[in-house]
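Novice: In the numbering used here, the protein residues as written are 6 to 258. Beta carbons: idealized from backbone N, C-alpha and C, even for Gly.
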Amino acid sequence: MNTKLLILLAALAPAGFHAGADETAIETAAEVATAESGDSEREALLEALRAAISFAEAGMTADRSCLAAPLDKVDLTAVDNRIDAVAPLVPYSDKIRSYADILRQFKDISQAFANCQEFDTKPYSMAMVDSVQSVLLNIYETGEEILSPSQKDGINALYERAGAYQPAVATFDSLLGAIDDEIDMFRAKDDGDKLCANEIERILKEREADIAAIKEYRYLSQLFDRYSKELSDSPRNLTPDIRDELARMMSEE
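#1: Please classify Thr-147: does DSSP put it in a helix, a strand, or coil?
#2: Using alpha carbons as the reference points, say which of Ala-169, Leu-200 and Glu-221 lies closest to Gln-259.
#3: Which class does Val-134 belong to by DSSP, given the choice of helix, strand or coil?
#4: Pairs of beta-carbons, one from the region 119-128 and one from the region 223-234, closer than 8 Å: are there three or more?
#5: Three-state secondary structure (DSSP) at Ala-119?
#6: Looking only at C-alpha atoms, which of Phe-191, Glu-187, Asp-89 and Cys-121 sits nearest to Ala-162?
#7: Taking C-alpha atoms, which residue in Leu-81, Gly-197, Tyr-97 and Asp-113 lies nearest to Glu-276?
#8: Comparing alpha-carbon positions, which option in Leu-76, Gln-110 and Asp-77 lies nearest Arg-87?
#9: Could you tell me whether any non-hydrogen atom of the ligand MG is closer than 6 Å to the CB of Asp-135?
#10: Looking at the structure shown, is Arg-248 part of a helix, part of a strand, or coil, going by DSSP?
#11: DSSP state of Asn-203, grouped into three classes?
#12: Please determine, among Tyr-232, Phe-118, Pro-240 and Lys-220, the residue with the shortest C-alpha to C-alpha distance to Asp-196.
#13: If you run the structure through DSSP and keep just helix, strand and coil, what is Cys-71?
#14: So which of Gly-159, Ala-105, Met-133 and Lys-199 has the shortest CA-CA distance to Asp-238?
#15: Are the beta-carbon atoms belonging to Leu-236 and Asp-178 less than 7 Å from one another?
#16: I need the DSSP call for Ala-193, collapsed to helix, strand or coil.
#17: Nearest to Ala-74 by alpha carbon, out of Val-174, Ser-155 and Tyr-164?
#18: Ends of the alpha helix (DSSP H) at Val-174?
#19: Tell me, to the nearest whole angstrom, how far the beta carbon of Gln-171 is from that of Tyr-129; I am working on the premise that it is less than 8 Å.
#20: Taking Leu-94 as part of the alpha helix (DSSP H), name the residues at either end of that continuous run.
#21: Under the rule that 16 or more other beta-carbon atoms within 10 Å means buried, what is Thr-244, buried or exposed?
#22: Give me the residue from Asp-80, Met-131, Glu-187 and Ser-153 with the minimum Cα distance to Ala-167.
#23: Could you have a look at Val-79 and say whether DSSP puts it in helix, strand or coil?
What follows is the structure in structure tokens.
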């Protein structure tokens with residue numbers, strides 16, 4: 006079989022096969038391509054190529070599963086594999102070229118979205134949130150024609166979540182202040198550890214909703230766990246390291 010056709014046919018398996026596909030098309034293409042060489046070889050190759058490309062186009066239209074996943078669950082390796090699979094066919098079909106362009110665009114959007122998801126692993130800063138939201142707006146606009154409504158909703162949700170980071174910091178600061186207000190009077194007492202521990206336990210139970218909001222953000226969740234441990238080890242502890250970090254983030258308003 007012609008080497009060039011072998012390359013094209015090899016590309017069709019990942020690019021075009023899907024449930025219900027007419028796989029006899031590829032067999033027909035292969036049979037034609039193995040016809041006698043000589044004057045008929047060029048025409049045989051062209052006929053096989055037409056059948057192969059038609060098969061690939063139909064498969065790509067029917068199977069777009071790698072483009073349908075929620076943006077936070079996209080398998081970038083699978084998208085890369087699909088891009089590599091269709092590459093040999095791009096010069097022979099406008100439809101396949103368009104599909105390859107969409108795949109590359111979708112990969113860029115998915116990678117940018119994944120990067121934005123990591124924002125809450127870092128301390129809050131206004132500049133960081135502004136940057137994340139700017140990227141999200143850009144990929145929303147870039148993907149206007151190729152993203153599904155649910156994928157766009159995912160971008161909107163992450164945009165809003167990034168915008169709620171500062172209020173979560175303020176909630177943490179408010180919680181710390183509420184605990185201070187209740188235990189300051191007990192810190193100097195002989196039984197201060199017990200008195201402070203009782204008040205801390207009460208306040209934490211009363212503000213479970215606030216704690217849940219704080220823990221929505223990975224960096225704040227880790228900071229809160231440190232705060233809780235320091236108070237558990239020493240209820241009178243002023244937790245200066247936590248206070249300094251919260252003060253720095255609060256100054257970003």
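Specialist: On the basis of the supplied data:
#1: For the purposes of this step, residue 147 is identified with residue 142 of the sequence shown, where counting begins at 1. In the structure shown, Thr-147 sits in a helix (DSSP, three-state: H, G or I).
#2: The question about residue 259 has no answer here: the residues shown for the chain are numbered 6 through 258.
#3: As a position in the sequence shown, residue 134 is number 129, starting the count at 1. DSSP places Val-134 in helix when its eight states are reduced to three.
#4: yes
#5: Numbered from its first residue, the sequence shown carries residue 119 at position 114. Three-state result, Ala-119: helix.
#6: Taking the first residue of the sequence shown as position 1, residue 162 is located at position 157. Closest option to Ala-162, Cα to Cα, is Cys-121.
#7: No information on residue 276 is available, as it lies outside the stretch 6 to 258 that the chain covers here.
#8: As a first step, residue 87 is located in the sequence shown; it is residue number 82 there, counting from the start. Closest in alpha carbon position to Arg-87, among Leu-76, Gln-110 and Asp-77, is Gln-110.
#9: Because no ligand of any kind appears in the structure shown, any question about the ligand MG cannot be addressed here.
#10: For the purposes of this step, residue 248 is taken as the residue at position 243 of the sequence shown. Helix.
#11: As a first step, residue 203 must be located in the sequence shown, where it is residue number 198. If DSSP states are grouped into helix, strand and coil, Asn-203 belongs with the helices.
#12: Residue mapping note: residue 196 aligns to position 191 of the sequence shown, counting from 1. Measuring from the Cα of Asp-196, the nearest candidate turns out to be Pro-240.
#13: Residue 71 sits at position 66 when you count from the first residue of the sequence shown. Cys-71 falls in the helix class under three-state DSSP.
#14: For the purposes of this step, residue 238 is taken as residue 233 along the sequence shown, with counting starting at 1. Checked all of Gly-159, Ala-105, Met-133 and Lys-199; the closest Cα to Asp-238 is Lys-199.
#15: In the sequence shown, the residue the question calls residue 236 occupies position 231. In the sequence shown, the residue the question calls residue 178 occupies position 173. Cβ atoms of Leu-236 and Asp-178: not closer than 7 Å.
#16: Mapped onto the sequence shown, residue 193 falls at position 188. Coil, per DSSP.
#17: Locating residue 74 in the sequence shown gives position 69, where the first residue counts as 1. That would be Ser-155, whose Cα lies nearest to the Cα of Ala-74.
#18: In the sequence shown, the residue the question calls residue 174 occupies position 169. For Val-174, the enclosing alpha helix (DSSP H) starts and ends at 170-188.
#19: As a first step, residue 171 is located in the sequence shown; it is residue number 166 there, counting from the start. As a first step, residue 129 is located in the sequence shown; it is residue number 124 there, counting from the start. Indeed they touch by this definition, with Cβ atoms about 6 Å apart.
#20: For the purposes of this step, residue 94 is identified with residue 89 of the sequence shown, where counting begins at 1. Segment: none, Leu-94 is in no alpha helix (DSSP H) and carries neither H nor E.
#21: Mapped onto the sequence shown, residue 244 falls at position 239. By the 10 Å Cβ count, Thr-244 comes out buried.
#22: Residue 167 sits at position 162 when you count from the first residue of the sequence shown. Measuring from the Cα of Ala-167, the nearest candidate turns out to be Met-131.
#23: Walking along the sequence shown from the start, residue 79 turns up at place 74. It is coil, neither helix nor strand.
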